[in-house]
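Residue numbers (the numbering used here): 1 to 194. Glycine residues also receive a C-beta, built at the ideal position from the N, C-alpha and C atoms.
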């Protein structure tokens, strides 16, 4: 939901018979769900799953992921600045049809797809099972490990949420991490037990 009356609903990728990059159905309402218009998110790869986040400025960031295997899942990011009408796709090497043998695995392809949270039109955080916390500063063109100790490759956190561009939390494996500086620094919040 992006306002009291506007919201997006993202479905699962729709497969193609020819193994071409898939699209993900996306619906939008601006009248509290009385009517919906259909849009599509281009995955940039043969998609198995997808997540979506709307930044406060209305920019949409979607991340599609391919077939998971042994702690690895190729991912591609799609960015829309017009409510999902048009998209810019940023596929990783593994998501493209070129030969990627001998190239290093990108941080975004480690682990499995969990959740994306956009805090602006260019800045977003991505986390998933068996993945460390990742961040992009260019709308998904390049994902880097966040400068933190949040998440790891051993089944780590899979939920991330920001209330504004500074304050955010990551939850997983019974631990809550908190930031007040946009993800530059994180502190572990230890729950009290009775």
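- The alpha-carbon of residue 56 is positioned some 21 Å away from that of residue 142.
- Collapsing the DSSP output to three states places residue 57 in coil.
- With respect to the C-alpha of residue 116, the residue from 136, 106, 110 and 107 having the closest C-alpha is 136.
- Counting of Cβ neighbours within 10 angstroms places residue 123 among the buried residues, the total reaching 16 or more.
- The shortest CA-to-CA distance from residue 41 to any of 54, 64 and 59 is the one to 64.
- Secondary structure of residue 30 (DSSP, three-state): coil.
- Residue 80 is positioned such that its CB atom lies no closer than 9 Å to that of residue 111.
- Residue burial is scored here from C-beta neighbours: residue 188 has fewer than 16 other C-beta atoms within 10 angstroms and is therefore classed as exposed.
- Counting along the chain, residue 177 sits inside the beta strand (DSSP E) bounded by residues 175-179.
- Per DSSP, residue 112 has no beta-bridge partner at all.
- Counting other Cβ atoms within 10 Å of its Cβ, residue 39 reaches 16 or more and is therefore classed as buried.
- With respect to the 9 Å criterion, residue 46 and residue 21 are classified as neighbours on the basis of their beta carbons.
- A residue is called buried once 16 or more other Cβ atoms fall within 10 Å of its Cβ, and residue 180, having fewer, is exposed.
- Between residue 27 and residue 2, the gap from beta carbon to beta carbon reaches 9 Å or more.
- The three-state secondary structure of residue 157, taken from DSSP, is coil.
- Per DSSP, residue 14 lies in no beta strand (DSSP E) segment and is marked neither H nor E.
- Excluding residues up to 5 positions away in sequence, 148, 150, 177 and 179 lie with their Cβ nearer than 6 Å to the Cβ of residue 186 in the same chain.
- Your pair residue 107 and residue 133 does not check out as a contact, with CB atoms roughly 10 Å apart and the cut at 8 Å.
- Beta-bridge pairing by DSSP links residue 49 to 65.
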